[in-house]
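Shown next, in structure tokens, is the structure this report addresses.
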Amino acid sequence: AGRRPFLVSKPMPTFVLWAKAELEGLTQFWAPEDHCWTLDVKQGGGAEERKGVVIDPDDWTDIANTKDTKANFAMKFDKSERQQSYCNVVHIKGLTRPQTADDTGMVPIIAFECRGLEPTRWTPTGPYCGSAEGGATWDNIDLKNEDWCEYDEKLDIPVGVNKEIPHEFRLHK
Numbered sequence: 005a006g007r008r009p010f011l012v013s014k015p016m017p018t019f020v021l022w023a024k025a026e027l028e029g030l031t032q033f034w035a036p037e038d039h040c041w042t043l044d045v046k047q048g049g050g051a052e053e054r055k056g057v058v059i060d061p062d063d064w065t066d067i068a069n070t071k072d073t074k075a076n077f078a079m080k081f082d083k084s085e086r087q088q089s090y091c092n093v094v095h096i097k098g099l100t101r102p103q104t105a106d107d108t109g110m111v112p113i114i115a116f117e118c119r120g121l122e123p124t125r126w127t128p129t130g131p132y133c134g135s136a137e138g139g140a141t142w143d144n145i146d147l148k149n150e151d152w153c154e155y156d157e158k159l160d161i162p163v164g165v166n167k168e169i170p171h172e173f174r175l176h177k
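For the sequence shown, my numbering begins at 5 and goes up steadily by one.
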């Protein structure tokens, strides 16, 4: 919340990404604060889609025809009358969090405040972070091309994350 350089006059719809990674030997799995999110998005109230857009929480773009409004991602849909659709990466205190080995279902890992667009699909790429019971941590979990596998020498066990992560977006109220 400390990185936000502006206040939004009207609350924007917030979509929470719920996911459940298949973990082996890891007690926690999370995205770092500066993680760039790869999403497919669709036009709010329309049918146009864009696949593979990257939303960087450290990148701020000025929104046209506004006073001091900035966003992590902005675009124009070809068939939209709206000058720009935009999105911000947000953590919701008390809601978004890392996934743990004890989680039995999907967990809310990140949220996106959106105006004029809706996220429809997440493509896990990386790098992500993970930790094991013995205290070992990894900050380079790459899921771009394949499952991630490593070995925890202290615990003498394999650790890993399956590239295919079931997920869904839910509108936060």
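All C-beta atoms, glycine included, are put in the ideal place defined by N, C-alpha and C.
It should be emphasised that the depicted structure is a prediction, and the values quoted were computed from it without experimental measurement.
- Straight-line measurement puts the Cα of Ala51 at about 23 Å from the Cα of Trp22.
- According to the DSSP assignment, Trp64 belongs to no beta strand (DSSP E), since it is labelled neither H nor E.
- A contact is defined here as three or more CB-CB pairs under 8 Å, and the region 99-110 fails this definition with respect to the region 81-90.
- Assigned with DSSP and collapsed to three states, Asp156 falls in strand.
- In the three-state reduction of the DSSP assignment, Pro162 falls in the strand class, which pools E and B.
- With fewer than 16 other CB atoms across the displayed protein chains lying within 10 angstroms of its CB, Pro170 is exposed.
- Taken in chain order, no unbroken stretch of alpha helix (DSSP H) lies wholly in the region 122-151 with a span of 4 residues or more.
- Only buried fits Tyr132, as 16 or more other CB atoms lie within 10 angstroms of its CB.
- Between Leu99 and Pro128, the alpha-carbon positions lie close to 20 Å from each other.
- Partner residues in the beta bridge of Lys74, as assigned by DSSP, are Asp66.
- By the Cβ-count criterion, Gly134 is buried, with 16 or more other Cβ atoms from all chains shown falling within 10 Å of its own Cβ.
- Scanning its chain for C-beta atoms nearer than 7 Å, with the 5 sequence neighbours on each side dropped, one finds around Asn166 the residues Ala25, Glu26 and Asp151, in chain order.
- Distances from the alpha-carbon of Asp156 to those of Lys148, Trp142 and Glu168 put Trp142 closest.
- Look at Ser89 here: in three-state DSSP terms it is strand.
- A straight-line Cα-Cα distance of about 20 Å links Ile59 and Ser84.
- Arg174 is bridged by DSSP to Val20.
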